[in-house]
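Undergrad: Here it is, the structure, as structure tokens.
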Amino acid sequence: MNTDELIEHVTNDLIAAIENGADTWQMPWHTIATNAQPRSIDDRPYRGLNAVVLALTAAANGWPSGTWATYRGWQRHGAQVRRGERATHVLLWKPARPATERDDSTNEPDDTDTSPAARGRLVSRVFAVFAAEQVDGADSTLTDRDEPRDTPERIAAADTYFASIGADVITGGNRACYIPADDRIHVPHLSQFEQPALYYSTTCHEHVHWTAHPSRLARDLTGRFGDDAYAVEELIAELGAAFWCAQSAIAPATRHDHASYLAHWVRVLKEHPRVLLTVAARAQAALDYLNQLAGVTTAPATADAA
């Protein structure tokens, strides 16, 4: 499977999941935080598109552990992938190597490039990984992961997180939104939400929009409802909030206003399959930006596919 095939595959899975969840407003990215955050066997988080891919696969198969590794990665940790198990594919970006550095003695996919601009450029490679639930002999510490839940400690940490960011937030009213002209976030009171998780995921959703301001990450906020740009920005905010819920171990919650976006999201994904790669990357960049402002240090991302 190459990069284009992987993107097409996960986009089709996402479209199907959106359409299947339309009646309940349960969106597929909620699964990113429903189970444990997808992590490699060495406890590094998967990010961006890979987090979406692995969360969708885990949800479809009922795998809660969130731990993944390559075939050889599991073997190095004394475990064995069961015969007949099917791999899930993830995308890894690595620096392109000039042809002079090529090592023909390896069986690794060839990421060499003869062009002068090769050094410093990234190339994508697809790797096959397996979940802890697909192997025998895995250490229990890799499979017994806490499920997200709204404990008092996690709620307090969420309050501290958003307060530390320093955005201009107006609490009250009946509508959650970010107003670019004022550079201000509006969020209803916590008591107006059905559950705390919905309040915090909504707050994060609006903070992701806030990162799009020209003085921050400068994403396109000129779209109006019904425009492709508007739908893409909403997807970025949705994924960013889902990534934050997974990071913060807070269970995701369903927003009933998803119904107004469903058809547009599906159309955009069908017409522009590679947009999901961009959306996931920008959602991850938004969360990284918020984490930096909040003083939150997360584990390094997966440096390899093991």
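Quick note: the sequence shown uses the numbering used here, first residue 8, plus one each step.
By construction, the Cβ of each residue, glycine as well, lies at the ideal position given by its N, Cα and C atoms.
(1) Going by DSSP, which residues form a beta bridge with residue 75?
(2) Short check: CB of residue 94 to CB of residue 136, under 8 Å?
(3) For residue 143, write down the residues that DSSP places opposite it in a beta bridge.
(4) Any idea what DSSP makes of residue 100, helix, strand or coil?
(5) With a cut-off of 8 Å, do at least 3 Cβ pairs link the region 223-239 to the region 197-212?
(6) Please state whether DSSP places residue 222 in a helix, a strand or coil.
(7) Let's test the definition: count the other Cβ atoms within 10 Å of the Cβ of residue 57 and tell me whether it reaches 16, buried, or not, exposed.
(8) What are the residues that DSSP puts in a beta bridge with residue 268?
(9) Sorted by chain position, which residues of the same chain lie with C-beta nearer than 6 Å to residue 219's C-beta, five sequence neighbours on each side aside?
(10) Along the chain, where does the alpha helix (DSSP H) containing residue 216 start, and where does it finish?
(11) Taking the DSSP output, what are the residues bridged to residue 177?
(12) Between which two residues does the beta strand (DSSP E) holding residue 185 run?
(13) Could you give the first and the last residue of the continuous alpha helix (DSSP H) run that contains residue 92?
(14) At which residues does the alpha helix (DSSP H) containing residue 170 begin and terminate?
(15) Would you identify the three-state DSSP class for residue 129, choosing helix, strand or coil?
(16) Using C-beta distances below 7 Å, list every residue in its chain close to residue 10, excluding the 5 sequence neighbours before and after it, in chain order.
(17) With which residues is residue 259 paired in a DSSP beta bridge?
(18) Here's a check: name, in chain order, each residue in its chain whose Cβ is nearer than 7 Å to the Cβ of residue 273, leaving out the five neighbours to either side.
(19) Do the region 275-290 and the region 241-253 meet, that is, are 3 or more Cβ pairs less than 8 Å apart?
(20) Is the Cβ-Cβ distance between residue 143 and residue 87 less than 8 Å?
(21) Throw me the rounded Cβ distance for the residue 294 and residue 250 pair, which I believe falls under 8 Å.
(22) Just reading off the alpha helix (DSSP H) that residue 303 is part of, what are its end residues?
(23) Flag this pair as yes or no: are the beta carbons of residue 213 and residue 185 separated by less than 8 Å?
(24) Could you check the C-alpha separation between residue 270 and residue 282 for me, to the nearest Å?
(25) Please state whether DSSP places residue 23 in a helix, a strand or coil.
(26) When you compare only the Cα positions, how much space is there between residue 196 and residue 182?
(27) To the nearest angstrom, how far is the alpha carbon of residue 148 from that of residue 304?
(28) Note down the Cα distance separating residue 217 from residue 200, rounded to an integer number of angstroms.
(29) Give the single residue among 129, 71, 175 and 238 whose Cα lies nearest to the Cα of residue 140.
(30) Where does the unbroken alpha helix (DSSP H) through residue 9 begin, and where does it stop?
TA: So, from the listed chains and residues:
(1) In the sequence shown, the residue the question calls residue 75 occupies position 68. DSSP output for residue 75 lists 47 and 138 as bridge partner(s).
(2) Against the sequence shown, residue 94 aligns to sequence position 87. Against the sequence shown, residue 136 aligns to sequence position 129. Cβ distance < 8 Å, so residue 94 and residue 136 count as in contact.
(3) The residue given as residue 143 occupies position 136 in the sequence shown. Partner(s): 87.
(4) Taking the sequence shown and counting its residues from 1, one reaches residue 100 at position 93. Strand, per DSSP.
(5) no
(6) Residue numbering aside, residue 222 sits at position 215 when the sequence shown is read from its first letter. The answer is coil: DSSP assigns residue 222 none of H, G, I, E or B.
(7) On the sequence shown, residue 57 is found 50 positions in, with the first residue counted as 1. Counting Cβ neighbours within 10 Å, residue 57 comes out buried, since at least 16 surround it.
(8) Position 261 of the sequence shown, counting from 1, holds the residue named residue 268. The partner list for residue 268 (beta bridge, DSSP) is empty, contrary to what the question assumes.
(9) In the sequence shown, counting from the first residue as 1, residue 219 sits at position 212. Counting only Cβ-Cβ distances below 6 Å, and skipping sequence neighbours, we find 226 and 228.
(10) On the sequence shown, position 209 is the one that residue 216 refers to. Note, residue 216: alpha helix (DSSP H), 203-217.
(11) Position 170 of the sequence shown, counting from 1, holds the residue named residue 177. Partner(s): 193.
(12) Counted from its first residue, the sequence shown places residue 185 at position 178. 184-186 is the extent of the beta strand (DSSP E) around residue 185.
(13) Residue 92 sits at position 85 when you count from the first residue of the sequence shown. Premise fails: residue 92 is in no alpha helix (DSSP H) and is neither H nor E.
(14) For the purposes of this step, residue 170 is identified with residue 163 of the sequence shown, where counting begins at 1. Residues 159-172.
(15) In the sequence shown, residue 129 corresponds to position 122, counting from 1. DSSP places residue 129 in strand when its eight states are reduced to three.
(16) Position 3 of the sequence shown holds residue 10. Only 98, 131 and 133 meet the Cβ criterion.
(17) Taking the first residue of the sequence shown as position 1, residue 259 is located at position 252. DSSP lists no partner for residue 259.
(18) One-based indexing of the sequence shown puts residue 273 at position 266. 22, 25 and 26, listed in sequence order.
(19) yes
(20) On the sequence shown, position 136 is the one that residue 143 refers to. On the sequence shown, position 80 is the one that residue 87 refers to. Cβ atoms of residue 143 and residue 87: closer than 8 Å.
(21) For this step, residue 294 is matched to residue 287 along the sequence shown. For this step, residue 250 is matched to residue 243 along the sequence shown. About 5 Å separates the two Cβ atoms, so the contact holds.
(22) Counted from its first residue, the sequence shown places residue 303 at position 296. No alpha helix (DSSP H) contains residue 303, which DSSP labels as neither H nor E.
(23) Within the sequence shown, residue 213 is the residue found at index 206, counting from 1. Within the sequence shown, residue 185 is the residue found at index 178, counting from 1. For residue 213 and residue 185, yes; Cβs fall inside 8 Å.
(24) By 1-based counting over the sequence shown, the position of residue 270 is 263. By 1-based counting over the sequence shown, the position of residue 282 is 275. If I take the Cα positions, the gap works out to 16 Å.
(25) Against the sequence shown, residue 23 aligns to sequence position 16. Note: residue 23 maps to helix in three-state DSSP.
(26) The residue you call residue 196 lines up with position 189 of the sequence shown. The residue you call residue 182 lines up with position 175 of the sequence shown. Going from the Cα of residue 196 to the Cα of residue 182 covers about 10 Å.
(27) Stepping through the sequence shown from its first residue, residue 148 is reached at position 141. Stepping through the sequence shown from its first residue, residue 304 is reached at position 297. Residue 148 and residue 304: Cα-Cα distance of roughly 23 Å.
(28) Within the sequence shown, numbered from 1, the residue matching residue 217 stands at position 210. Within the sequence shown, numbered from 1, the residue matching residue 200 stands at position 193. Approximately 21 Å, taken between the alpha carbons.
(29) Position 133 of the sequence shown, counting from 1, holds the residue named residue 140. Closest option to residue 140, Cα to Cα, is 71.
(30) As a position in the sequence shown, residue 9 is number 2, starting the count at 1. Neither: residue 9 is in no alpha helix (DSSP H) and is coded neither H nor E.
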